[in-house]
Amino acid sequence: MKQNGIILKYFHYVMLLIILVHLSGCATIAGVGEEEFVPPGFGLPYDRYIQGEPRIDMKIEGGIYYWKTANTWHIRFARPYSAPRPFPEGTIFSGHIRVEDGIIIDVRRFNVSPLNEIKRLGDTISFKFEIKDAVEGFDFIIQPVLSQYCVTSDLRVQGIHAPELIRLGEFMHRPDGVPFKICVRSFE
């Protein structure tokens, strides 16, 4: 009887773990599933959402702008000229970015105030930016290890996930959820 109680206890732990993983809400964007076939010579959809710098004054709308050129990824944080909610003075952008099957070989600051922080530890970059009226951010370069690598991004505004404030690539696609994962082919 005691053994059945232990089995039931472990069953509950496993079910709780499954529910927590399901509720974590990690959305994968951009990427070809195993069942999809891309004919040779056609563009790969892996990075169609993240390619190219947005052609907009980032301070018009504000938010998080995130794009990639080759194996260099760019992230910018902007507070709009007129700052309605959720952009009070001193808006805080924070989060972390983790790379799978690639090595972060460099992190470069872009117009970063001395009070803002960027930390790299292994395959993860953590950051916290308090933006008052400038556009700040950083770039990071990835050296792929395999033919495909993935970047998982957990981006927050004022401590909460706000996918509606994130703009990806030239066409400013918005992710369905946060955190999100983007997988790309490493050859370009």
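Residue 1148 in the numbering used here sits at position 41 of the sequence shown, with consecutive numbering throughout. The beta carbon of each residue, even a glycine, is placed where N, CA and C say it ideally should be. Since the model is a prediction, treat every value here as computed from it, not as a measurement.
Whole angstroms is fine: what's the gap from residue i's alpha carbon to residue j's?
| i | j | result |
| --- | --- | --- |
| Gly1284 | Ile1157 | 15 Å |
| Gly1244 | Leu1253 | 27 Å |
| His1280 | Pro1251 | 24 Å |
| Gly1170 | Arg1162 | 14 Å |
| Ile1289 | Glu1160 | 16 Å |
| Thr1179 | Arg1155 | 15 Å |
| Asp1240 | Phe1278 | 24 Å |
| Leu1228 | Ser1220 | 21 Å |
| Lys1226 | Asp1164 | 27 Å |
| Lys1166 | Glu1207 | 32 Å |
Could you tell me how far apart the beta carbons of residue i and residue j are, in whole angstroms, since I believe they sit closer than 8 Å?
| i | j | result |
| --- | --- | --- |
| Gly1202 | Leu1262 | 4 Å |
If you count every other CB in all the chains shown that lies within 10 Å of the CB of residue i, and 16 or more means buried, which is it?
| i | result |
| --- | --- |
| Arg1183 | buried |
| Gly1276 | buried |
| Lys1175 | buried |
| Arg1274 | buried |
| Val1291 | buried |
| Gly1140 | Residue confidence is low: Gly1140 scores 37 on pLDDT, short of 50, so the model does not pin down where it sits. Its coordinate-derived value is still stated next. The residue in question, Gly1140, is exposed, as its Cβ has fewer than 16 Cβ neighbours within 10 Å. |
| Phe1287 | buried |
Is the Cβ-Cβ distance between residue i and residue j less than 8 Å?
| i | j | result |
| --- | --- | --- |
| Val1242 | Asn1223 | no |
| Gln1265 | Ile1199 | yes |
| Phe1247 | Asp1213 | yes |
| Thr1259 | Arg1215 | no |
| Tyr1256 | Ile1249 | yes |
Got a sec? Which residues, its chain only, sit under 6 Å from residue i by beta carbon, not counting five neighbours each side?
| i | result |
| --- | --- |
| Ile1238 | Phe1184, Arg1186 and Thr1198 |
| Phe1236 | Phe1184, Phe1200, Asn1223 and Glu1243 |
| His1181 | Trp1174 and Asp1246 |
| Thr1231 | His1203 and Arg1205 |
For residue i, which residues in the same chain have their Cβ closer than 8 Å to its Cβ, ignoring the five residues on either side in sequence?
| i | result |
| --- | --- |
| Leu1272 | Gly1169, Gly1170, Ile1171, Pro1193 and Val1264 |
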